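**Q**
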Amino acid sequence: MNSLKVISVLVVFSFMSCKEQPPQSELKQEKPKHYGPFFGVVPLDKPQLLAPELLASPATEYNGTFSPDGTQFYYTTDMPYTAYITFTEMQADSSWSDPRIAPFSGEYSDFDPLFSPDGNRVYFSSSRPKADNENSKIWYVERKDFGWSNPIRVVLTGEEDNEYYSSLTHSGNLYFNIWSKGDIYRAVPSDSAYTVEVLPESINAGGNKGDPFVDPDERYMIFRGYDDTLGRGDLYISFNMEGEWTTPENLGEPINSSSHEMCPWVSQDGKLFIFASDRLETPAEAKALDPIKKINGTHNSGKLNLYYMSTDFIEEMKEKHQAD
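My numbering numbers the first residue of the sequence shown as 2 and each following residue consecutively.
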């Protein structure tokens, strides 16, 4: 009899436990890994992959730029024979949307998106009206109530020059590079046109220079170069000291590596540094029936990926220059 009572109690308890269990749809959902402005990342003193579950793929990703408030992120997805500007944006619940091709890209070869300091424009490089990677020019789209305007070309140089990587300052100066000449230029606005000038030899000496990110107040510039590198290509910094650019200095490890580093960018608040590197060459950890999205998010076969870290190194290097 006692055994029957025990069994009865267990059955009742089991029934009550099942009854009180909420439906699966009502269970607390785990927040997405990337949540809030700037993907919710906390910059560290060593490079980390930027939101790989969201951004990394078997394609090549580079040129990452956040809007000033950190709620939109634009970057380049490079494919054979063409490139697209891709974007993701923060949603109402602070999670991020799946990346899509930007509304002003997809038909031609477009790359190098960079937000203007006020966030109202995205400047980019494009070979339009040709769908290839040749003879690039600088274009921009302007923020409107309905989204982005149609692309507008910034007339800077001759038709034979291939312009890349436009960085805009608070004064309206536009920095860019001409790949075929291997030099970095500054375009100064005057009325409705620009006066274009090549940067001094202290910047452009040696091999090809490009991908110039210029601080909006023009206090420093970080760019890509190929002289005395740790690998295939490195990032360098030059400071504007009393109107003169200092001799560029290699950013060194852990930013530069034996691989290729390029496409630097710093957030408007000066705290987040983003760049591209192809240093990731570890084999994928995968097993049968794993979702391919998981593989895309953790492995990229040595293609360029987006990395982030703290900008503390900038002030440290500046202090060293001031002490010299």
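We treat Cβ as the ideally placed atom computed from N, Cα and C, and that holds for glycine.
All figures in this text were calculated on a predicted structure; none of them were measured in a lab.
Less than 8 Å between CB atoms is the rule here; does F147 satisfy it with respect to chain B?
**A** Within the model displayed, chain B is absent; a lone protein chain is all it includes.
**Q** Hey, would you say N257 sits closer than 8 Å to D291, going by beta carbons?
**A** Not closer than 8 Å, so no.
**Q** Buried or exposed: K272, going by 16 or more other Cβ atoms within 10 Å of its Cβ?
**A** When all chains shown are included, K272 counts as exposed.
**Q** Around the C-beta of K145, are 16 or more other C-beta atoms found within 10 angstroms, so that it is buried, or is it exposed?
**A** It is exposed - the Cβ of K145 has fewer than 16 other Cβ atoms within 10 Å.
**Q** Find the nearest neighbour of D216 within the set K138, P201, S268, judged by alpha-carbon distance.
**A** Here the closest residue by C-alpha is S268.
**Q** Any contact of the stretch 187 to 194 with the stretch 166 to 178, i.e. 3+ C-beta pairs under 8 Å?
**A** The answer is yes - the stretch 166 to 178 touches the stretch 187 to 194, with three or more Cβ pairs under 8 Å.
**Q** When the distance is taken between beta carbons, is S260 closer than 8 Å to D279?
**A** Yes.
**Q** Quick one: Cα of K34 to Cα of Y309, how far?
**A** The straight-line gap from Cα to Cα measures roughly 16 Å.
**Q** Going by C-alpha distance, which of Y141, S126, K131 is nearest E164?
**A** For E164, the nearest C-alpha among the options comes from S126.
**Q** Is the beta carbon of V199 sitting closer than 8 Å to the one on T158?
**A** No, the Cβ-Cβ distance between V199 and T158 is not below 8 Å.
**Q** Per the contact definition of three or more C-beta pairs closer than 8 Å, is the stretch 48 to 55 in contact with the stretch 104 to 118?
**A** With a cut-off of 8 Å, the stretch 48 to 55 and the stretch 104 to 118 do not count as touching, because too few Cβ pairs lie within range.
**Q** What residues in its chain sit with their C-beta under 7 Å from that of M318, if we drop five residues either side in the sequence?
**A** The answer, listed in chain order, is I238, E250.
**Q** Given T61, which residues of its chain have a CB within under 6 Å of its CB, disregarding the five upstream and five downstream residues?
**A** Closer than 6 Å at the Cβ level, and outside the excluded window around T61, lie D79, K304, L305.
**Q** Are the Cβ atoms of I275 and G71 separated by less than 8 Å?
**A** No, the pair does not count as a contact, with Cβ atoms beyond the cut-off.
**Q** Hey, could you find the ends of the alpha helix (DSSP H) Q73 is sitting in?
**A** Taken as a continuous stretch (DSSP letters only), Q73 belongs to no alpha helix (DSSP H), being part of the beta strand (DSSP E) at 73 to 80.
**Q** Could you give the distance in angstroms between the alpha-carbon of L1 and the alpha-carbon of F314?
**A** Outside the displayed range of the chain (2 to 325) lies residue 1, so it cannot be described from this structure.
**Q** Give me the residue from S203, D229, G232 with the minimum Cα distance to M222.
**A** Answer by Cα proximity: S203.
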